[in-house]
Every structure is written in structure tokens, then in C-alpha cells.
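In the numbering used here, the protein residues as written are 1 to 303.
All residues carry an ideal CB built from backbone N, CA and C; glycine is no exception.
Keep in mind that this is a model prediction, so the values were computed, not measured.
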Ligand SMILES: O=P(O)(O)OC[C@H]1O[C@@H](O)[C@H](O)[C@@H](O)[C@@H]1O
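Okay, structure coming up:
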């Protein structure tokens, strides 16, 4: 895999660090690095965003841009938190895409780390919506990374909420992978003006891909099978009726932090709650958790 000086410097810095917890500045982003016998986890305080997860002895599971725009811009890579709306704001297109959480400052409220894994609790430093509590729980255990994003409506009004945990998975080459586990699910194709369709048993990436898939049964998860790296990732989403699959293809030429040199290094498989396949209203007093987990399995996977 090719690396730019930015990514090299992040990875090189982490590789040369001692075990333990470290603060690190990277392109203006304030990062917290955790390194132990279980591997490495890097969190950005901008966005409460997991930037890197590498189980010991494995390649990183997540992709991170090698050409970040720099703080305080949103970071492409890792797992951005899209909240309290997913994609364009339904009423006001002037508002930032994917909500305000990914460019807000977050804090670590609690953490427990040992040589087998860790658990971190994060929340935005300042409330992002009046009366609404938001918490992100990040867990590493048995070489698996899990995120759970919990919203509690403590306001006096029902809340309209769509959201996503927008995971960017690192792949050898997006043309040499397939996604399985969504066969026969209904989907909407954003590249074709939300044209409805049905998912095939195996999805391959040959061009720009942007699908909102209705996933009613998440129990077996989605498999990302990487023939180049001979790696299989199992992604299990919970509290999510929509799985979003995205790779910009040739549209990456207009994205300064992706570009045609990086576009085949990742695919996004996102745990989402969208206005198409999920109930968007969170009642007064109600709590909702959107979660995702990822681990690698032996290749080829048995299904
Ligand atoms: O450019 P952004 O805001 O990071 O969004 C990236 C992509 O995120 C995906 O979730 C959407 O389905 C795409 O339509 C979008 O282009």
C-alpha cells in the first residue's frame, strides 16, 4: 500500500511509541493513541472519531486518508459519527452534510484499558441539541472493535433523528473485494436518483457505488471479503435498519482528501438509521442505540 508523508508520519509515530496512552497532534487534529498487547487504537477528539484500529499482528481494519484537509474539517477515514442527521439535512441543504457531531469537539469521560482490551466513553464537550444526551461507547475485546452511539431525548419535544457510524474499511483494492450477506435486501441507488432495487448475493465495486440497503436481519452480519489481502471482515450492525455502502469511484477525482490515487483503498459499510428504512422520531424520554462491530475472520470465510 502506498503511503503519503502524512500517513507515514502518523503510522511511524505510533509504531515508534511505547505501550500506553499518548496525545498526538496530526495535521491540526488532537489524537489520543492507545497501544497495548491487544494492538492500537487512535481516537480523534474532533468528531469523537475512531481513526485507526489495528489488532495485534494484523493490518489496520480501517482506512484513513493520507491527505487530510486539516482541522477543523471533517476527516475522511476511520469511523465518523454522522448525527443528528444522515446525508443532506431534509429541510435545509445549507446545513452540513451528515450533521454536526463529526466536526464537534468531543471528550473522553471514562476509560478502562488493560492488556486484553479497553472501553472508552465519549460525549460532545458542548451539547449539540438542547435537552438531548449523546454518548459514544468504544470497546476493544478479543480483536474486535465495537461502537455504540446512544441518544436520549431528555427534551420536551419528539426528536427527528437519522444517523450513521460511517466506517471506512481498508481494502487491498476495491476491485478485488466483494460484499456478501445482503442478498435479496431492498435497496435504493443514490447514484441513480434513488432508484429502487434488490441486492445481489455478492456485490462487487466497478464504478461509483452509493446504496442504502434495508437490512431487517443483522444477526449474521455483512462480510467484506478481500481476495487481495486474503482477509474477511465481519461487520455486525445493531439498532440499524439501513446499511449504507459507498465508494466514490471516479467522483473521487473531485475530493481533495481521496483522489484517484486513494479511492480503491477503501469501501464504506455503514451502520445507519435513514429516513427510508428506519423510524426517524425519537419520542420524549426515549433512548436509542446505534451500534456496529468489526472483526477479521479466517479467509475464505465459511458461510
Ligand atoms: O462527503 P461526505 O459528507 O463525507 O459523505 C461521503 C458519502 O457518505 C455516504 O454515507 C453517502 O451515502 C454518500 O452519498 C456520501 O457522498
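* Asked: Is any heavy atom in ligand 3 found nearer than 6 Å to the beta carbon of residue 67?
  -> Here the bound small molecules are ligand 1; ligand 3 is not part of this structure.
* **Which listed residue (176, 174, 237, 127) has its alpha carbon closest to that of residue 152** => 127
* May I ask you to report which of helix, strand or coil DSSP gives residue 22? => strand
* Is the distance from the Cβ of residue 222 to the Cβ of residue 269 below 7 Å? -> For residue 222 and residue 269, yes; Cβs fall inside 7 Å.
* Identify every residue that forms a DSSP beta bridge with residue 231. => 226
* residue 188 and residue 212 closer than 7 Å at C-beta -> yes
* Leaving out five residues before and five after residue 130 in sequence, what residues of the same chain have Cβ atoms less than 7 Å from its Cβ? -> Closer than 7 Å at the Cβ level, and outside the excluded window around residue 130, lie 155.
* Could you tell me the boundaries of the beta strand (DSSP E) in which residue 186 lies? => 186-189
* Asked: Count the other CB atoms within 10 Å of the CB of residue 183; is the residue buried (16 or more) or exposed (fewer)?
  -> exposed
* To do: Quick one: using the 10 Å Cβ neighbour count with 16 as the cut-off for buried, is residue 95 buried or exposed?
  => exposed
* Are the Cβ atoms of residue 150 and residue 243 separated by less than 7 Å? -> no
* **Coarse secondary structure for residue 53, derived from DSSP in three states** => strand
* Cβ shell of residue 198 (< 8 Å), same chain only, five flanking positions each side left out -> 184, 185, 186, 187
* CA-CA distance, residue 14 and residue 91? -> 42 Å
* What residue does the beta strand (DSSP E) around residue 179 start on, and which one ends it? -> 177-180
* Asked: Apart from the five residues just before and just after residue 2, which ones in its own chain have a Cβ nearer than 6 Å to its Cβ?
  -> Annotation note: pLDDT 42 at residue 2 (below 50); position unreliable, coordinate value reported separately. Result list for residue 2: empty, nothing under 6 Å.
* In three-state terms, what does DSSP make of residue 164? -> Note: residue 164 maps to strand in three-state DSSP.
* For residue 202, which residues of its own chain have a beta-carbon under 6 Å away from its beta-carbon, when the five flanking residues on both sides are left out? -> 178, 180
* To do: Report yes if the C-beta of residue 63 is less than 6 Å from at least one heavy atom of ligand 1; otherwise report no.
  => no
* Alpha carbon to alpha carbon, what distance is there between residue 160 and residue 173? -> 38 Å
* **Local conformation of residue 273 per DSSP, three classes** => strand
* Asked: Nearest-angstrom Cα distance between residue 43 and residue 158?
  -> 31 Å
* **residue 224 versus 294, 196, 162, residue with shortest Cα-Cα distance** => Here the closest residue by C-alpha is 294.
* Decide if residue 116 is buried, meaning its Cβ has at least 16 other Cβ atoms within 10 Å, or exposed. => exposed
* Within the chosen definition, does the region 246-258 reach the region 213-220 through at least 3 CB pairs nearer than 8 Å? -> Short answer: they don't touch.
* Asked: What are the boundary residues of the beta strand (DSSP E) that includes residue 247?
  -> Taken as a continuous stretch (DSSP letters only), the beta strand (DSSP E) holding residue 247 covers 242-247.
* Taking 6 Å as the line, does the beta carbon of residue 244 fall inside it for any heavy atom of ligand 1? -> yes
* Asked: Any heavy atom of ligand 1 within a distance shorter than 6 Å of the CB on residue 278?
  -> no
* Go to residue 196, then tell me how far its beta strand (DSSP E) extends in each direction, as first and last residue. => 195-198
* To do: Sort 258, 267, 283, 296 by Cα distance to residue 231 and report the nearest one.
  => 296
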